[in-house]
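Protein chains in written order, with my numbering: chain L, 1 to 302; chain V, 1001 to 1302.
For each residue, glycine too, the CB sits at the ideal point set by N, CA and C.
Values in this document were obtained by computation on a predicted structure and should not be read as measured data.
Below you'll find the structure, written out as structure tokens, and then a few comments.
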């Protein structure tokens, strides 16, 4: 079966056709329109429709006996009833981009939240390949979560499962924008790491600065990183105690530092986790697919 | 289909045969042997085997054309490979009670942790009937959790999912016996409620004393209960943010106070939960089946 996946981002739109082995056999990228008004949804629909049409035509020459079955689109937003609920960066609120794309391509189109798409990709084709249950934790401005069990995203009754950024780990802690105190993402998101470091060393303005400082042996960065790891391992251990997935995959930009993050995190978690008897423990890995996860996961969602 | 469920407790063993509508059509109870030595497993096997045989015989007169398909046994312990791993109250460690019961009855026998059995019962026949996903929270000496999704217990890679009692909600808080600080059950278990109350009013020795004091307008009890509800609602809201199940069912002895617990808990949770868009929210209910949950859930596990 061949499926087309689209990764709709704030600056680019990438699309690709994947085969049954999760290989991307054709792909292309265009810029996302910069227009933000009542026409945005229509323009994006047409752009995705044309990009998809182009790939489908290339595919036809490649495999004239086969057909692309459906299109999955990963969007930086909540999704309900195949509508984009809140893609604030794109100015799309309760927006329908699906019907326009179906009109152009003649194919069924399904939207999926982009973090969930990335988790699906890691489950089938990335760090979690071969496991039954995977929890993906994405460290970014906030912290996103996605639980995949038996190949399916656990969506929740309102399609909003995975808000682990708003799991309280310090009931008397920092005030969170959700109204509670001490949420996981107030301490363990990439943003929290940078702002905690910047508060101690004003020359640190982003993750790149931070990890450069850490690598150079900056004592402030080391101390901030140790605190960060305490909080991150606390939240990761909570998820393990609650769900005991086969694997937890850490994604988001910060995961690019790989073992710098993974090794001390694993060490801490193995000491904290509550397992009474079994020697089987949740594995911890860094996300593997990065740039291609969006396309692969969106394709796998259909 | 007819199935036999057994609830193996520290003082009594209850068994019942249920029909397809989850009605218990025959049941009986015996005392659990008080012998705690190397013969305990054998004695318990024989007792359960005989009790089951008696019910199966009664069933044969009732429905000679039908047959009991299998036996499920709820045990107060972790279960691995159909062994009782740690029923400390019964003195059963890595114990096989299954083969003896199969020998006597000729039926397949499956063990399930008793808290999971209760959750299955609530899912199919109790407070969660008709839902797709249920999270059961049992407030007792500790806090147990069980997530049921699409009719199946989410067991975890090591069969140990549901350790929500060891979800940290106060990273700098009370030292827990698991080695971490600020675990949910250190604040929101029934034991924590009683010991927090006793620290303020030494006449309170158990849950009954506590709720009597609360009912009589005791100001200390009111204040302790308010704190307790703050912690309980924190943990419950965490589970909702992570999983967004259709329903959370509150069980355990303390849940017998019903609305005294449920109303203020619901009020707090509805203010804390993080839902950005949807008006669909996780429902909160008190467990419904109590005494029969063990038999029904054990039967449903096979």
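Enclosing alpha helix (DSSP H) for residue i [first to last residue]
{"i": "residue 269 of chain L", "result": "259–272"}
{"i": "residue 59 of chain L", "result": "40–62"}
{"i": "residue 1243 of chain V", "result": "1219–1243"}
{"i": "residue 154 of chain L", "result": "First-last for residue 154 of chain L: undefined, no H or E at that position."}
{"i": "residue 1116 of chain V", "result": "1114–1125"}
Amino acids of chain L, ordered along the chain, whose beta-carbon sits closer than 9 Å to that of residue i
{"i": "residue 1076 of chain V", "result": "Near residue 1076 of chain V there are no residues of chain L at all, since even the closest Cβ is about 14 Å away, more than 9 Å."}
Proximal residues of chain L, C-beta to C-beta of residue i below 8 Å
{"i": "residue 1069 of chain V", "result": "Those do not exist, as residue 1069 of chain V stays about 25 Å from chain L at its closest Cβ, beyond 8 Å."}
{"i": "residue 1145 of chain V", "result": "242"}
{"i": "residue 1164 of chain V", "result": "241, 242"}
Where the beta strand (DSSP E) through residue i begins and ends
{"i": "residue 95 of chain L", "result": "92–95"}
{"i": "residue 1075 of chain V", "result": "1068–1075"}
{"i": "residue 300 of chain L", "result": "No beta strand (DSSP E) contains residue 300 of chain L, which is instead part of the alpha helix (DSSP H) from 293–300."}
{"i": "residue 6 of chain L", "result": "2–8"}
{"i": "residue 1136 of chain V", "result": "1133–1139"}
{"i": "residue 130 of chain L", "result": "Careful: residue 130 of chain L lies outside any beta strand (DSSP E) and carries neither H nor E."}
{"i": "residue 250 of chain L", "result": "247–251"}
Sheet register partners of residue i (DSSP bridge)
{"i": "residue 27 of chain L", "result": "L/16"}
{"i": "residue 209 of chain L", "result": "Partner(s): none; residue 209 of chain L has no beta bridge."}
{"i": "residue 1109 of chain V", "result": "V/1071"}
{"i": "residue 1186 of chain V", "result": "Looking at the DSSP assignment, residue 1186 of chain V forms no beta bridge with any residue, so it has no partner."}
{"i": "residue 86 of chain L", "result": "L/93"}
{"i": "residue 288 of chain L", "result": "Note: residue 288 of chain L sits in no beta bridge, so no partner."}
{"i": "residue 1080 of chain V", "result": "V/1083"}
{"i": "residue 1146 of chain V", "result": "V/1136"}
{"i": "residue 201 of chain L", "result": "None; residue 201 of chain L has no bridge partner."}
{"i": "residue 168 of chain L", "result": "L/183"}
{"i": "residue 175 of chain L", "result": "L/181"}
{"i": "residue 1283 of chain V", "result": "V/1247"}
Residue-chain proximity (residue i, chain V), Cβ-Cβ < 8 Å
{"i": "residue 138 of chain L", "result": "no"}
{"i": "residue 167 of chain L", "result": "yes"}
{"i": "residue 29 of chain L", "result": "no"}
{"i": "residue 282 of chain L", "result": "yes"}
{"i": "residue 156 of chain L", "result": "yes"}
{"i": "residue 223 of chain L", "result": "no"}
Cβ-heavy atom distance, residue i to the ligand FAD, below 7 Å
{"i": "residue 1272 of chain V", "result": "With respect to the ligand FAD, the structure shown offers nothing to examine, as it has no ligands at all."}
Under 9 Å by beta carbon: chain V residues contacting residue i
{"i": "residue 180 of chain L", "result": "1234, 1237, 1272, 1274"}
{"i": "residue 170 of chain L", "result": "1168, 1169, 1170, 1171, 1172, 1173, 1182"}
Assumed close pair residue i, residue j - CB separation to whole angstroms, cut-off 8 Å
{"i": "residue 1004 of chain V", "j": "residue 1299 of chain V", "result": "6 Å"}
{"i": "residue 161 of chain L", "j": "residue 1111 of chain V", "result": "Not quite, the Cβ-Cβ distance comes to about 30 Å (not below 8 Å), so this is no contact."}
{"i": "residue 1119 of chain V", "j": "residue 1134 of chain V", "result": "7 Å"}
{"i": "residue 115 of chain L", "j": "residue 91 of chain L", "result": "At roughly 20 Å, the Cβ-Cβ gap does not stay under 8 Å, so residue 115 of chain L and residue 91 of chain L are not in contact."}
{"i": "residue 1048 of chain V", "j": "residue 1013 of chain V", "result": "6 Å"}
{"i": "residue 250 of chain L", "j": "residue 261 of chain L", "result": "7 Å"}
{"i": "residue 140 of chain L", "j": "residue 294 of chain L", "result": "Not confirmed; about 14 Å, so no contact."}
Contact list for residue i against chain V, beta-carbon separation under 7 Å
{"i": "residue 114 of chain L", "result": "Under the 7 Å cutoff, chain V gives no residues; its nearest Cβ is about 16 Å from residue 114 of chain L."}
{"i": "residue 14 of chain L", "result": "Those within 7 Å of residue 14 of chain L in chain V number zero; the least Cβ separation is about 26 Å."}
Beta carbon proximity, residue i to chain L, threshold 8 Å
{"i": "residue 1019 of chain V", "result": "no"}
{"i": "residue 951 of chain V", "result": "A question about residue 951 of chain V goes unanswered here, because the residues of chain V that appear run from 1001 up to 1302."}
{"i": "residue 1301 of chain V", "result": "no"}
{"i": "residue 968 of chain V", "result": "Nothing about residue 968 of chain V can be reported from this structure: the residues present for chain V run from 1001 to 1302 only."}
{"i": "residue 1066 of chain V", "result": "no"}
{"i": "residue 1216 of chain V", "result": "no"}
{"i": "residue 1061 of chain V", "result": "no"}
{"i": "residue 1133 of chain V", "result": "yes"}
Neighbour list for residue i in chain V, Cβ cutoff strictly below 8 Å
{"i": "residue 161 of chain L", "result": "1242, 1243, 1244"}
{"i": "residue 148 of chain L", "result": "None at all; the shortest Cβ gap to chain V is about 12 Å."}
Amino acids of chain L, ordered along the chain, whose beta-carbon sits closer than 7 Å to that of residue i
{"i": "residue 1088 of chain V", "result": "Within 7 Å Cβ-Cβ: nothing; residue 1088 of chain V doesn't reach chain L, min ~11 Å."}
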